[in-house]
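>
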Amino acid sequence: MSVEEVLILDAEAEAHERSIELFVTGCSGFIGTHLVGRLLSNGHIVTGYDLVQPQYAHPNFEFIEGDILDLERLQASIVKPDGIFHLAAQTKVPDSTRDPAYDFCVNAQGTFNVLSCASDARFIYASTSTVYGTASVPTTEAHPLRPVSFYGASKAAGELCCSAFNGILGLPTISLRLYNVYGPGNAKGVMYDLIRKLQRDGTTLEILGTGLQKKDYVYIDDAIDAFVLAYDKGIPGEAYNIGSGSATTVNEIAVLICELMALRPDVYRTGGKSWEGDIESTQADVSLFASFGWEPKIDIKTGLQHLYKWIQDQQ
Ligand SMILES: NC(=O)c1ccc[n+]([C@@H]2O[C@H](COP(=O)([O-])OP(=O)(O)OC[C@H]3O[C@@H](n4cnc5c(N)ncnc54)[C@H](O)[C@@H]3O)[C@@H](O)[C@H]2O)c1
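Following this line, the structure appears as structure tokens:
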């Protein structure tokens with residue numbers, strides 16, 4: 000073998016061994032924290048971008064404090080990574096009703112900004128089931144997008160920007176329509192609220208709405224499996240439902256939590272709609288993404304145990 004051939008083989012081997020460099024927006028949030036943890040444990044080099052400092056550090060992790068609305072800072076920060084996971088967003092549905100303009104800035108314009116810095120990176124967008132609005136269940140990806148909250152509309156706008164960058168510029172974008180993601184680290188949402196209420200007063204429990212709202216809850220580790228698999232196997236231009244595939248009512252969650260905490264409170268319900276923009280019934284058809292070999296592994300009882308333990312450990 001000639002010297003040239005040896006050099007070529009060495010260069011190929013080096014390139015093969017080179018760690019994948021990934022950029023994660025929203026790295027300090029609930030899902031971002033878990034995602035970065037997984038990417039680092041998989042041996043990747045990660046740059047995180049967020050308004051707030053994350054509560055973790057790692058030799059292969061660099062944090063950049065920045066706003067996705069600050070295009071210049073984004074351009075300087077995104078230095079040709081292999082992949083981008085775009086999670087930064089205004090994530091609260093009620094806040095999107097109070098201030099829809101800000102919601103649109105962050106979720107639509109912000110997503111456009113990140114896309115415009117992506118070069119040819121593989122781009123995974125954290126979309127949401129709220130893009131469907133009130134949908135027939137189980138919902139497939141073919142269902143029309145008819146959001147009923149400004150949050151849903153702004154996230155759908157972000158998803159459409161991904162489609163445009165894919166269709167027009169060939170950027171390999173993949174959208175994950177996440178259902179309700181729960182688990183350790185999530186200090187919001189119905190499960191967290193019910194547990195905290197019962198910790199404060201174990202004798203009574205207020206449920207917002209009728210308690211009959213029936214939604215698809217997917218455990219954080221299963222959602223993170225989906226992000227990693229989407230990066231490896233997702234088809235550019237596609238959107239995939241990421242849920243558990245089953246639905247649970249708030250009343251059923253309350254029963255599970257009371258069992259877990261060994262409490263028998265008097266339960267009362269406020270009745271009516273829980274909050275503006277809330278969707279009463281969600282359930283994903285996950286067969287499209289399951290075709291890549293993904294399946295949600297953690298049932299709701301086990302997931303709630305992990306969440307409860309995490310809340311106890313915080314105190
Ligand atoms: N958690 C869920 O159940 C769920 C469901 C569907 C979709 N999603 C999507 O997944 C993503 C992550 O959700 P999460 O639950 O981790 O939310 P989160 O609110 O915990 O995290 C969002 C992060 O984005 C950061 N951020 C907000 N505005 C920013 C800006 N202008 N510039 C830079 N960073 C900014 C926040 O500081 C925060 O760290 C979001 O895009 C959300 O829409 C989440």
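First residue of the sequence shown? That's 0 in numbering that gives the first Met the number 0, and the numbers climb one at a time after it. Glycine residues also receive a C-beta, built at the ideal position from the N, C-alpha and C atoms. All values derive from a computational prediction rather than experimental measurement.
Can you tell which of Ile194, Ser245 and Ala117 has its C-alpha closest to the C-alpha of Ala261?
Position 262 of the sequence shown, counted from the first residue, corresponds to residue 261. Of Ile194, Ser245 and Ala117, the residue nearest in Cα terms is Ile194.
> Which first and last residues belong to the beta strand (DSSP E) in which Leu204 is found?
Along the sequence shown, one-based indexing puts residue 204 at 205. Looking at the DSSP string, the run of the beta strand (DSSP E) that includes Leu204 is Thr203 to Ile206.
> Within 10 Å of its beta-carbon, does Asp298 have 16 or more other beta-carbons around it, so buried, or fewer, so exposed?
Position 299 of the sequence shown, counted from the start, is the residue given in the question as residue 298. Classification of Asp298: exposed, given that the 10 Å Cβ count is below 16.
> Counting Cβ pairs, one atom from each stretch, are 3 or more of them under 8 Å apart for the region 196–208 and the region 217–237?
Segments in contact, no.
> Considering only their Cβ atoms, is the gap separating Thr24 from Ala87 smaller than 7 Å?
For this step, residue 87 is matched to residue 88 along the sequence shown. For this step, residue 24 is matched to residue 25 along the sequence shown. Closer than 7 Å, so yes.
> What do you reckon, is the C-beta of Asp66 under 6 Å from a heavy atom of ligand 1?
Taking the first residue of the sequence shown as position 1, residue 66 is located at position 67. Correct: Asp66 has its Cβ closer than 6 Å to ligand 1.
> Where in the region 13–82 do unbroken runs of the alpha helix (DSSP H), each at least 4 residues long, occur, reported from the N-terminal end onward?
29–40 and 70–76, all fully within the region 13–82.
> Whole angstroms are fine: how far does the CA of His57 sit from the CA of Ser40?
Position 41 of the sequence shown, counting from 1, holds the residue named residue 40. Position 58 of the sequence shown, counting from 1, holds the residue named residue 57. C-alpha separation (whole angstroms): 10 Å.
> Hey, out of Ser76, Ile252, Tyr218 and Gln89, whose CA is closest to Val266's CA?
As a working mapping, residue 266 is identified with position 267 in the sequence shown. Nearest C-alpha to Val266: Ile252.
> Please say whether Pro80 and Phe164 have beta carbons closer to each other than 7 Å?
Counting from one through the sequence shown, the residue named residue 164 turns up at place 165. Counting from one through the sequence shown, the residue named residue 80 turns up at place 81. Not a contact, by the Cβ cut-off of 7 Å.
> Do Gly188 and Asp215 have their C-beta atoms within less than 7 Å of each other?
Start at 1 with the first residue of the sequence shown, and residue 188 comes out as number 189. Start at 1 with the first residue of the sequence shown, and residue 215 comes out as number 216. No. Outside cutoff.
> Please state the DSSP three-state secondary structure of Lys272.
Translated into positions along the sequence shown, residue 272 becomes position 273. Correct three-state label for Lys272: coil.
> If you drop the 5 nearest sequence neighbours on each side, which residues of the same chain put their C-beta closer than 7 Å to that of Ser18?
Reading the sequence shown from its first residue, position 19 is the one you call residue 18. Counting only Cβ-Cβ distances below 7 Å, and skipping sequence neighbours, we find Gly42, His43 and Ile44.
> Could you spell out where the beta strand (DSSP E) holding Tyr230 opens and where it closes?
Indexing the sequence shown from 1 puts residue 230 at position 231. Tyr230 -> not in any beta strand (DSSP E); alpha helix (DSSP H) instead, spanning Ile219 to Lys232.
> Taking the beta strand (DSSP E) that Val92 falls in, what are its first and last residues?
Sequence index remark: in the sequence shown, residue 92 carries index 93 (1-based). Val92 -> not in any beta strand (DSSP E); alpha helix (DSSP H) instead, spanning Val92 to Arg97.
> To the nearest angstrom, how far is it from the Cα of Glu275 to the Cα of Ala229?
In the sequence shown, the residue the question calls residue 275 occupies position 276. In the sequence shown, the residue the question calls residue 229 occupies position 230. In a straight line, the C-alpha of Glu275 is about 32 Å away from that of Ala229.
> Could you spell out where the beta strand (DSSP E) holding Thr133 opens and where it closes?
As a first step, residue 133 must be located in the sequence shown, where it is residue number 134. Careful: Thr133 lies outside any beta strand (DSSP E) and carries neither H nor E.
> Flag this pair as touching only if the region 106–120 and the region 129–142 have three or more C-beta atom pairs under 8 Å; answer yes or no.
Contact fails: fewer than three Cβ-Cβ distances are below 8 Å.
> Verify the contact flag: Thr90, CB atom, against every heavy atom of ligand 1, threshold strictly below 6 Å.
Your numbering for residue 90 matches position 91 in the sequence shown. Yes, ligand 1 has a heavy atom inside 6 Å of this Cβ.
> Is the beta carbon of Cys161 closer than 7 Å to that of Phe111?
In the sequence shown, residue 111 corresponds to position 112, counting from 1. In the sequence shown, residue 161 corresponds to position 162, counting from 1. Cβ atoms of Phe111 and Cys161: not closer than 7 Å.
> Give me the residue from Gln89, Val217, Leu170 and Arg37 with the minimum Cα distance to Asp120.
Sequence index remark: in the sequence shown, residue 120 carries index 121 (1-based). Here residue 120 turns out to be Ala, not Asp, going by the sequence shown. Cα-wise, what sits closest to Ala120 is Leu170.
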